[in-house]
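With the first letter of the sequence shown counted as 1, position 125 gets the number 194 in the numbering used here; the numbers rise by one all the way through. Ideal placement from N, C-alpha and C gives every residue a C-beta, glycine not left out. Working notes, structure below.
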Amino acid sequence: MKNILVTGGAGFIGSHTCLVLLEAGYNLIVFDSLINSSSKSLSRVLELSGINDFGERLSLVKGDIRNFSLLQDVFKNSKEKGMPIDAVIHFAGLKSVSESITEPLKYWDVNVNGTRILLDIMQDHDCYTLVFSSSATIYGSSQQMPISESADIKPINPYGTSKASVEQMLSDAFYSNLYPLKVACLRYFNPVGAHPSGLIGEDPLGIPDNLFPFVSQVAIGRESLLRIFGADWNTPDGTPIRDYIHVMDLAEGHLCALNYLEKNQPQIFKVNLGTGRGYSVFEVINAFEVATDKKIPYEIVDRRKGDVAVNYADISLAKREMNWYAKRTLNSSCIDGWRWQLSNPNGYK
Ligand code: NAD
Ligand code: UFG
Numbered sequence: 070m071k072n073i074l075v076t077g078g079a080g081f082i083g084s085h086t087c088l089v090l091l092e093a094g095y096n097l098i099v100f101d102s103l104i105n106s107s108s109k110s111l112s113r114v115l116e117l118s119g120i121n122d123f124g125e126r127l128s129l130v131k132g133d134i135r136n137f138s139l140l141q142d143v144f145k146n147s148k149e150k151g152m153p154i155d156a157v158i159h160f161a162g163l164k165s166v167s168e169s170i171t172e173p174l175k176y177w178d179v180n181v182n183g184t185r186i187l188l189d190i191m192q193d194h195d196c197y198t199l200v201f202s203s204s205a206t207i208y209g210s211s212q213q214m215p216i217s218e219s220a221d222i223k224p225i226n227p228y229g230t231s232k233a234s235v236e237q238m239l240s241d242a243f244y245s246n247l248y249p250l251k252v253a254c255l256r257y258f259n260p261v262g263a264h265p266s267g268l269i270g271e272d273p274l275g276i277p278d279n280l281f282p283f284v285s286q287v288a289i290g291r292e293s294l295l296r297i298f299g300a301d302w303n304t305p306d307g308t309p310i311r312d313y314i315h316v317m318d319l320a321e322g323h324l325c326a327l328n329y330l331e332k333n334q335p336q337i338f339k340v341n342l343g344t345g346r347g348y349s350v351f352e353v354i355n356a357f358e359v360a361t362d363k364k365i366p367y368e369i370v371d372r373r374k375g376d377v378a379v380n381y382a383d384i385s386l387a388k389r390e391m392n393w394y395a396k397r398t399l400n401s402s403c404i405d406g407w408r409w410q411l412s413n414p415n416g417y418k
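Take a look at the structure:
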């Protein structure tokens, strides 16, 4: 396997993964509409990999995954150049829980229908290896901690439903036995941090939904204070607990998933990517303050719709099957995330 199509590769997790894949020797075609990202992330990835120009080992095609003919052309052109696409890593999609509640059909269209189109085209071109960005959100408010892959799938918002539906669609396609599919559904927990260079990182459009970028933006002065969504949860300090995973660990998880699929028989492999350790909102604030020497002012407000109290991963399957585990700490996520924020106060703009 040499040539990889990376949909959504200009985004937060995609750009870090592109860097890891280039360093591992793969050639990449990024297919991205840039609706939630900038091509600058990829210029920085090239800079970090010591590659001079787009086109050398990484090219960018700007397009929407629902654009059947454009995506079809990408596969055709690669074949004609003697560099057929061997595998796809599929990041492209929408990821806002709150937007999915107000615009559910958009999530069905982009996340579910977009993946169906991609799968159709892959099959047309005898490309059967797919790594899909799933999410721990598909477990909903599971009571069983840490959550293992065998837990019930009970998403509690349309974003989660869209990810669970894609997993189901991929399972159905695999069990049809029509194609020798090799699929990994990577169930990410909470990706945070940035590359240690400070050159690439998370650049949310508008006001961030997620805790880490929000805390960072308070620290840099773009937001005045953090609103903590409830301190009356059934947890030791009353704030919700999550499994925050450094984005570079996550990026390396994709390389391990590709290696795993390459070495193994056709299958659908569903696996958690987390650290196995949970931290509360107060613990995150404290870690960030210690790492950055900045004070994070906050107020406690009502709970946010769709939140759960505790969510952290059982990571034994990833360790056993892919020999992957998270190596970086919450402290390094804070330090690296803050370096990115300080060097790029307005993101890629
Ligand atoms: P991101 O928004 O930074 O990256 C997604 C990329 O997909 C962006 O570059 C965007 O421009 C592109 N894109 C969106 N719709 C597209 C379309 N229709 N056609 C082509 N490109 C399109 O998000 P991310 O945090 O890097 O997430 C990557 C994937 O991981 C997503 O599928 C997301 O649902 C999933 N995920 C993210 C998290 C998280 O907290 N960041 C957690 C679990 C799962
Ligand atoms: N939080 C605040 N204030 C904020 C933002 C978040 O108190 O301004 C709290 C939330 O209530 C939650 C915790 O911080 O308790 C983490 O919230 P995030 O929004 O950072 O993360 P979530 O766990 O809600 O969800 C994220 C992604 C989902 C993904 C999921 C995977 O947004 O897309 O992780 O577990 F599916």
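Secondary structure at residue i, three-state DSSP: helix, strand or coil?
i	result
asparagine 180	helix
asparagine 355	helix
aspartate 101	strand
proline 249	coil
serine 169	helix
glutamate 321	helix
glutamine 212	coil
glutamine 334	coil
serine 412	helix
isoleucine 158	strand
serine 202	strand
tyrosine 348	strand
histidine 194	coil
lysine 164	coil
serine 113	Note on residue identity: the sequence assigns arginine, not serine, to residue 113. Three-state result, arginine 113: helix.
serine 138	helix
threonine 86	helix
lysine 418	coil
leucine 327	helix
threonine 304	coil
alanine 233	helix
isoleucine 404	helix
lysine 145	helix
arginine 291	coil
List the residues that DSSP assigns as beta-bridge partners of residue i.
i	result
aspartate 313	Inspection of the sequence shows that residue 313 is occupied by tyrosine rather than by aspartate. Tyrosine 313 pairs with Asn259.
serine 339	It is worth fixing the name first, because residue 339 is lysine in this sequence and not serine. Beta-bridge pairing links lysine 339 to Cys254.
asparagine 72	Asn96
leucine 127	Leu97
isoleucine 207	Note: isoleucine 207 sits in no beta bridge, so no partner.
arginine 296	Glu368
Decide if residue i is buried, meaning its Cβ has at least 16 other Cβ atoms within 10 Å, or exposed.
i	result
valine 359	exposed
asparagine 333	exposed
lysine 71	exposed
isoleucine 207	buried
glutamate 236	buried
arginine 389	exposed
alanine 329	The residue asked about is misnamed: residue 329 is tyrosine in this sequence, not alanine. Its Cβ being crowded by 16 or more others within 10 Å, tyrosine 329 is buried.
glutamate 271	buried
proline 366	exposed
serine 293	exposed
Does any residue of chain C bring its CB to less than 9 Å from the CB of residue i?
i	result
lysine 396	In summary, chain C is missing from the structure at hand, where a single protein chain is found.
With three or more C-beta pairs closer than 8 Å as the rule, is the region 215–234 touching the region 270–288?
Flag = no, the region 270–288 and the region 215–234 do not touch.
Ranges of the alpha helix (DSSP H) found wholly within the region 362–402, counting only runs of at least 4
Here the runs fully enclosed are 385–391.
Do the region 380–388 and the region 337–351 touch if we need at least three Cβ pairs shorter than 8 Å?
Counting Cβ pairs under 8 Å, three or more are found: they touch.
Assess, as a yes-or-no matter, whether the region 158–167 is touched by the region 208–219 under the definition of 3 or more beta carbon pairs within less than 8 Å.
no
Counting pairs of Cβ atoms below 8 Å between the region 249–268 and the region 393–406, do you hit three or more?
yes
Just checking, does the region 239–252 make contact with the region 179–198 on the three C-beta pairs under 8 Å criterion?
yes
Hey, is the region 89–108 in contact with the region 317–326, meaning 3+ C-beta pairs nearer than 8 Å?
yes
Using 8 Å as the Cβ pair cut-off and three pairs as the minimum, do the region 297–310 and the region 136–149 touch?
no
Do the region 99–114 and the region 81–88 touch if we need at least three Cβ pairs shorter than 8 Å?
yes
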